[in-house]
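S.K.: Take a look at this one; I'll ask things after.
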Amino acid sequence: MCGILAGLVVSAASFPAVAMAGLVAKVGSEELDDLPSELITQTSPQVSRVYAADGRTQLAVMYDEFRSDVSFDKVSKHMQDAMVAAEDHKFYEHKGVDFKGVARAFVNNNNGGSKQGASTLTMQYVRMALAYSATDPQEVVNATKDSVERKLTEMKYAVQVEKELTKQQILERYMNMAPFGNGAYGINAASQVYFSKKPADLTIAEAAMLAGMVKAPTAFDPTTKTGYPQAVTRRDYIVDNMLSMGQITAEEAAAAKKVKVPTTTKRQSSGCVSVSKNNWGFFCDYFTRWWMSQVDFGENTYDRERLLKSGGYKIVTTLDLDAQADARKEITQQIKDTNQNALMLAAVEPGTGKVRVLAANRKYKNDDPSDPQNKLSSNPAQAADGIRGTYPNTTNPIITGSSGIPGYQAGSVFKMFTMVAAVEAGMGLDTTITSPAKYKSQYPDSGPGNCGGYWCPSNAGASEAGSFNMWTAFGKSVNTYFVPLEERAGAENVVDAAERFGIVFRDEDNAKLANDPDSAHNWGSFTLGVSLSTPLDIANAYATLAADGKYCAPTPIESITTADGTKLKTGQANCKKATTKSVARKVLDAARCPVGDRAQLGSCGGATAPQVRSVVGHPVFGKTGTTDSEKTASLVVGTRSLVVAGYLANPDWANHTDRMSHYIVNPAVYKTLADYMEGKDVEEFPTP
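Start counting the sequence shown at -2; every next residue gets the next number (the numbering used here).
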């Protein structure tokens, strides 16, 4: 081909017809066995769209290049014509290569004339497809560098492509792949960004402007001072071409030239900071982190992120918009977004692990360093260094946790795991223990207030001393009942129960204690909730009780559909047996006591949150939690349909001096559940 082309340059002026015929015959005879498959099956990146559980409300768009392919029949005839008029007048005549144009360009360029490319639409499509399918930087360079070798490769593949695809298919792929500037890739995105309309509705003037931008999106950008006049000139040039090619009438051409070229765009932001409603951001962030953890989407986080932002997925999440709105409303009624303390709620559906709510008194956004809204951190050491806190703006996963945010001490909600281990060991709910005001345990302790080298916990009040069983002790949250119960069950077994119910030890020190048998055996304070956890951890753990002991990994996914319509299994319910149905039902029966409900097998004798049952109006179970010096307050409440957990804590400073109030966290939790359960049928828990 190099030899033929070299001869062609010399002889084209004198023998164009003969030269063209020879080159066409040579290129056309090439075999198709080395035609890259990506030239036939388009490989350009597609945006992924994330929806709420209704499958209609869009939460966010994920992309590196804002592009969504559209079929040929969904693009206006004006746009189809304008693209041909702008780039390739003989598109419907040639077989992939305009050989006369190639010869003319070589002669012109070699004689010092203005630079000519002579690339057909098909050749341009080949160039873009090869660049997008590149697996390393050098392949991108090879596909785009200005060289004879690249041009010859494009010519060869273009002729082959035209044997495999129709003209409509080539033009459709070209329009979907082309860059249009201002973050718009493909005609569908360009129509939205510049004109806020579908490509099927583009007018002559709009189509001509967009078609003109493909050649040089920056130079012909109408939103810039220097680009605007060039964009107008380029648009009018293409309108004239459309007229000369018989695509439009003289009247239509004149009218199109009078239309004002737009100077602004409406760009679609990418990622969770661009959610339509700010309070959806924490859920969107949870979904993104979940995606990044799935090996099904790639060997590493880089590959998984690229797939999310280029795979064209339709992702329907588990976010219940009504429940989320209710949670946000109840939180706002209790505490301001500007409060340094965070009120964080998570809700999970028992038996599926579907996360329905993630809400907090925070705005999901990055604080602007040039105009910060966040106050200095409540942590004096950080404040002294000028570090700002996470209120009111943060993108930290404060509700769901991460390695950098391991969670918060939740307090007595952890006593549930002690009951699980005790019942699994054969103890009944009627197991009676005489609980003193202060108990000398068997767990070694050298800290302040120890009793002869042993840990000596006490109760919240003197009235909690006496004889208790699991119903009454859980209802009143008696510390000096659950520590000896933990001794009988084995602290290591309590820790194991918590892990089976989904508690994640993100904190390094907590993980060491949990993973070492000897340390776990002596971890007496575990029953009082000193291990760090998140509202999502606890909501899902208590949901395991409501699911008869079936633990389901929390998931943000209802469905994931690929660009070609295939439904993926990733994200569907992933459940396993955490404990027996008998154990789960017994422990849940005792867990009805703290929230003002009535146990089916025993008597409660008191509650730490007695108003919950009457407000929710359905059978409920749950538990309150308070840590030392009331640095955290928590409540978890559930029905057979939903479990809601809430923490009131300071994400910036664990050793703060505020006293967290149940008058703030409790109403937010049980009113959110009440809102969700309103109008639903009353379902009693199965009898243990």
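Just so you know, even glycine gets a beta-carbon here, dropped at the ideal spot from N, CA and C.
State the Cα-Cα distance for the pair R325 and L639, rounded to the nearest angstrom.
M.R.: Each residue's alpha carbon lies about 17 Å from the other.
S.K.: From Y405, G546 and L149, pick the residue whose C-alpha is nearest to that of D504; which is it?
M.R.: The residue with the shortest Cα to Cα distance from D504 is Y405.
S.K.: Does the separation of the CB atoms of G526 and T577 fall below 9 Å?
M.R.: No; because the gap between Cβ atoms is not below 9 Å, this pair is not in contact.
S.K.: Would you mind working out which of K628, I661, T629 and V613 sits nearest E675, comparing C-alpha positions?
M.R.: Checking every option, the nearest Cα to that of E675 belongs to V613.
S.K.: DSSP beta-bridge partners for P377?
M.R.: DSSP, once it has assigned bridges, lists no residue as partnering P377.
S.K.: Roughly how many whole angstroms lie between the Cα atoms of I384 and V236?
M.R.: Between I384 and V236, the C-alpha separation is close to 57 Å.
S.K.: Hey, could you find the ends of the alpha helix (DSSP H) K196 is sitting in?
M.R.: The identity of residue 196 in the sequence shown is Pro, whereas the question assumes Lys. Run containing P196: none; DSSP gives neither H nor E here.
S.K.: How many whole angstroms separate the CB atoms of F498 and A575, which I take to be in contact at a CB cut-off of 8 Å?
M.R.: Between A575 and F498 the Cβ distance is about 5 Å, and since that is below 8 Å, they are a contact.
S.K.: Here's the rule I'm using: 16 or more other beta-carbon atoms within 10 Å means buried, otherwise exposed. How should Y283 be labelled?
M.R.: Buried: at least 16 other Cβ atoms inside 10 Å.
S.K.: Three-state secondary structure (DSSP) at Y154?
M.R.: Reduced to three states, the DSSP call for Y154 is helix.
S.K.: Skipping 5 residues on each side, what residues in its chain have a beta carbon closer than 7 Å to that of T261?
M.R.: Hits under 7 Å: T220.
S.K.: Would the beta-carbon of L118 fall within 9 Å of that of F69?
M.R.: Not closer than 9 Å, so no.
S.K.: Can the beta-carbon of M125 be found closer than 9 Å to that of A175?
M.R.: Going by C-beta atoms, M125 is nearer than 9 Å to A175.
S.K.: For the alpha helix (DSSP H) containing K574, list its first residue and its last residue.
M.R.: Taken as a continuous stretch (DSSP letters only), K574 belongs to no alpha helix (DSSP H), being part of the beta strand (DSSP E) at C572 to K574.
S.K.: Span of the alpha helix (DSSP H) holding F479?
M.R.: From DSSP, the alpha helix (DSSP H) with F479 extends over N476 to A486.
S.K.: Classify P366 as buried or exposed, calling it buried when 16 or more other Cβ atoms lie within 10 Å of its own Cβ.
M.R.: The residue in question, P366, is exposed, as its Cβ has fewer than 16 Cβ neighbours within 10 Å.
S.K.: Can the beta-carbon of M341 be found less than 9 Å from the beta-carbon of A320?
M.R.: No; because the gap between Cβ atoms is not below 9 Å, this pair is not in contact.
S.K.: Leaving aside the five residues before and after P532 along the sequence, list all residues of the same chain whose C-beta is less than 7 Å from its C-beta, in chain order.
M.R.: Result list for P532: M341, L342, A343, I396, A642, G643 and Y644, in chain order.
S.K.: With a threshold of 16 other CB atoms inside 10 Å of the CB of T669, please say whether the residue is buried or exposed.
M.R.: Answer is buried; the Cβ neighbour count reaches 16.
S.K.: What three-state label does DSSP hand A419 in the structure shown?
M.R.: Residue state, collapsed to three classes: helix.
S.K.: Give me the residue from A252, D649 and T558 with the minimum Cα distance to A380.
M.R.: The shortest C-alpha separation from A380 is found at D649.
S.K.: Mind checking C601: buried by the 16 CB within 10 Å criterion, or exposed?
M.R.: That one is buried.
S.K.: Put Y225 into one of helix, strand or coil per three-state DSSP.
M.R.: Correct three-state label for Y225: helix.
S.K.: Can A587 and F502 be called in contact, C-beta distance under 9 Å?
M.R.: Cβ distance not < 9 Å, so A587 and F502 don't count as in contact.
S.K.: By Cβ distance, which residues of its chain are closer than 7 Å to Y216, with the 5 residues on each side in sequence left out?
M.R.: For the sequence presented, residue 216 should be read as Ala rather than Tyr. The answer, listed in chain order, is G224 and Q227.
S.K.: Specify the secondary structure class of R385 as computed by DSSP and reduced to three states.
M.R.: In the structure shown, R385 sits in a strand (DSSP, three-state: E or B).
S.K.: Going by Cα to Cα distance, which pick from A251, R264, T314 and D293 is closest to W277?
M.R.: Ranking A251, R264, T314 and D293 by Cα distance to W277 puts T314 first.
S.K.: Out of curiosity, what's the CA-to-CA distance linking S374 and D534?
M.R.: Their backbone Cα atoms lie some 26 Å apart in a straight line.
S.K.: Along the chain, where does the beta strand (DSSP E) that runs through I554 open and close?
M.R.: Element bounds for I554: I554 to T558.
S.K.: So, for K677: in the same chain, excluding its five sequence neighbours on each side, which residues have a beta-carbon less than 7 Å away from its beta-carbon?
M.R.: S638, listed in sequence order.
S.K.: So, is M242 buried or exposed, given that buried needs 16 or more other C-beta atoms within 10 angstroms?
M.R.: Flag for M242 reads exposed.
S.K.: Please classify G110 as buried or exposed, where buried requires at least 16 other C-beta atoms within 10 Å of its C-beta.
M.R.: Model confidence at G110 stands at a pLDDT of 49, short of 50, so the residue's coordinates are unreliable; what they give is reported in the following sentence. By the neighbour-count rule (16 or more Cβ atoms within 10 Å), G110 is not buried but exposed.
S.K.: Fully enclosed by the stretch 563 to 620, which beta strand (DSSP E) runs are 3 residues long or longer?
M.R.: As far as the stretch 563 to 620 is concerned, its whole beta strand (DSSP E) runs of at least 3 residues are 572 to 574.
S.K.: Please state whether the Cβ-Cβ distance between K254 and R232 is less than 9 Å.
M.R.: It is a contact, given that the beta carbons lie within the stated cut-off.
S.K.: Would you grab the beta carbon distance between P454 and E489 for me? Rounded to a whole angstrom, and I think it's under 8 Å.
M.R.: Wrong, their Cβ atoms sit about 18 Å apart, outside the cutoff.
S.K.: Hey, which unbroken runs of the alpha helix (DSSP H) at 4 residues or more fall wholly within the stretch 310 to 346?
M.R.: For the stretch 310 to 346, whole alpha helix (DSSP H) runs of length 4 or above, ordered along the chain, are 318 to 331.
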